[in-house]
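Inspection log for the structure reproduced underneath, given as structure tokens.
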Amino acid sequence: MALTVCTWNINSVRLREPIVLKLLQEEAPDILCLQETKCPVDKFPYDAFRALGYQHVIVRGQKGYNGVSILSRVPVEDAGSHDFCEKGDARHVAVRTGSGLTIHNFYVPAGGDIPDVALNEKFAHKLNFLREMQEWFRAEPPRNAVLVGDLNIAPREDDVWNHRQLLKVVSHTPVEVEQLTLTQGAGAWVDITRRDIPEGPLFSWWSYRSPDWNAADKGRRLDHIWATPDVVDRSGGSRIARHVRGWEKPSDHAPVFAEFDV
DNA sequence: ATGGTAGGTCTCCTA
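Counting in my numbering, the first sequence runs from 1 upward without gaps.
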């Protein structure tokens, strides 16, 4: 059975409930992982998603910030969440499918503006978060697993609109890319999007501050889909639904898709 | 070098 997985930083699930419904209707992923829902658990719009057939809704949330959730139209069970950096942030949740595939949904800290841990505690938090991911994957090596989410790092030169210009911009600095690479290695994760689309510019995020995001195309690939080696041969179909960035009242992120045979 | 937009919440923080 083919399972379509989608990851999307939604930047307020309540404000963008209409376009989440539109995505579910037009693309019908089996599993949709959302980040930055900015919504407490008790205010999550469960019913609207269930009405479209997404009966399984796993939510972690807090007031105002962060928040991750997983909507599924195939049976999944809550596989728990990890509290990185002991801040109590809702930045991770996992589910397990009936076939035994584990799906991790991550929202890695953005890291603020200044790429210096001595001057910016948010940048330090981002790097510490990635180090704790590494510790976790080393202690409990993931198997039969998929990792998706807004990792807030564009690792490759062709994951940003201008490599040289972004070397000192948070999301593309060498120290962040190094930590992301170490995180990938710690779980033996394979970047499925780049396995499927190996060459060329590929973005999932365009700033709201850019007046003409589509024409200027100053994007970055911040949203990722990874899989463990035992899943890689059963994966494919990667794509980024760039047109969704142009919908009414859009998120600044576009949804990223991949398919898995389970 | 700078400032640009957006969302949540309660006055400014975060992205």
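Positions of the beta carbon are idealized from the N, C-alpha and C atoms, including for glycine. As the structure is a prediction and not an experimental result, all values here were calculated from the model.
Quiz item: Between residue 107 and residue 183, what straight-line distance do the alpha-carbon atoms span, to the nearest angstrom?
Solution: To locate residue 107, count along the first sequence from 1; it is residue 107. To locate residue 183, count along the first sequence from 1; it is residue 183. Rounded to whole angstroms, residue 107 to residue 183 spans 14 Å at the Cα level.
Self-check item: One or two residues paired with residue 157 in a DSSP bridge
Solution: For this step, residue 157 is matched to residue 157 along the first sequence. None; residue 157 has no bridge partner.
Quiz item: Under 7 Å, do residue 119 and residue 179 count as touching if we go by C-beta distance?
Solution: If you number the first sequence from 1, residue 119 lands on position 119. If you number the first sequence from 1, residue 179 lands on position 179. It is not a contact, given that the beta carbons lie outside the stated cut-off.
Practice problem: Taking only the alpha-carbon atoms, compute the straight-line gap between residue 209 and residue 134 and give it to the nearest angstrom. | Solution: Sequence index remark: in the first sequence, residue 209 carries index 209 (1-based). Sequence index remark: in the first sequence, residue 134 carries index 134 (1-based). Cα-Cα distance, rounded: 33 Å.
Quiz prompt | Distance, residue 97 Cα to residue 190 Cα | solution = For the purposes of this step, residue 190 is taken as the residue at position 190 of the first sequence. For the purposes of this step, residue 97 is taken as the residue at position 97 of the first sequence. In a straight line, the C-alpha of residue 190 is about 20 Å away from that of residue 97.
Exercise. Ignore the nearest five residues each way along the sequence and tell me which others in residue 19's own chain have a CB closer than 6 Å to its CB.
Key: Here the question's residue 19 lines up with position 19 in the first sequence. Counting only Cβ-Cβ distances below 6 Å, and skipping sequence neighbours, we find 247.
Quiz item: Helix, strand or coil for residue 78 per DSSP?
Solution: Taking the first residue of the first sequence as 1, we reach residue 78 at position 78. If DSSP states are grouped into helix, strand and coil, residue 78 belongs with the strands.
Quiz item: Can you pull the DSSP bridge partners for residue 68?
Solution: Start at 1 with the first residue of the first sequence, and residue 68 comes out as number 68. For residue 68, which the question treats as bridged, DSSP gives the partners 35, 60.
Exercise. Whole angstroms is fine: what's the gap from residue 75's alpha carbon to residue 116's?
Key: What you label residue 75 is simply residue 75 of the first sequence in a count that begins at 1. What you label residue 116 is simply residue 116 of the first sequence in a count that begins at 1. One C-alpha to the other measures close to 43 Å.
Quiz item: Exposed or buried, residue 165, counting other C-beta atoms within 10 Å across all chains shown (16 or more means buried)?
Solution: For the purposes of this step, residue 165 is taken as the residue at position 165 of the first sequence. Residue 165 comes out exposed.
Quiz item: Roughly how many angstroms separate the alpha carbons of residue 260 and residue 161, rounded to a whole number?
Solution: In the first sequence, the residue the question calls residue 260 occupies position 260. In the first sequence, the residue the question calls residue 161 occupies position 161. Those two C-alpha atoms are separated by around 29 Å.
Quiz item: Under the rule that 16 or more other beta-carbon atoms within 10 Å means buried, what is residue 187, buried or exposed?
Solution: Residue mapping note: residue 187 aligns to position 187 of the first sequence, counting from 1. The residue in question, residue 187, is buried, as its Cβ has 16 or more Cβ neighbours within 10 Å.
Quiz item: What does DSSP give as the partner residues of residue 163 in its beta bridges?
Solution: By 1-based counting over the first sequence, the position of residue 163 is 163. According to DSSP, which records beta bridges pairwise, residue 163 is partnered with nothing at all.
Quiz item: Hey, would you say residue 111 sits closer than 7 Å to residue 170, going by beta carbons?
Solution: To locate residue 111, count along the first sequence from 1; it is residue 111. To locate residue 170, count along the first sequence from 1; it is residue 170. Cβ distance < 7 Å, so residue 111 and residue 170 count as in contact.
Exercise. Please state whether DSSP places residue 181 in a helix, a strand or coil.
Key: Taking the first residue of the first sequence as position 1, residue 181 is located at position 181. In the structure shown, residue 181 sits in a helix (DSSP, three-state: H, G or I).
Exercise. Give the secondary structure of residue 3 by DSSP, where H, G and I count as helix, E and B as strand, and everything else as coil.
Key: Numbered from its first residue, the first sequence carries residue 3 at position 3. Strand, per DSSP.
Quiz prompt | Nearest to residue 6 (by Cα), restricted to the options 245, 52, 238 | solution = Numbered from its first residue, the first sequence carries residue 6 at position 6. Here the closest residue by C-alpha is 238.
Exercise. State the DSSP-derived secondary structure class of residue 193, mapped to helix, strand or coil.
Key: Here residue 193 is taken as the residue at index 193 of the first sequence, counted from 1. If DSSP states are grouped into helix, strand and coil, residue 193 belongs with the helices.
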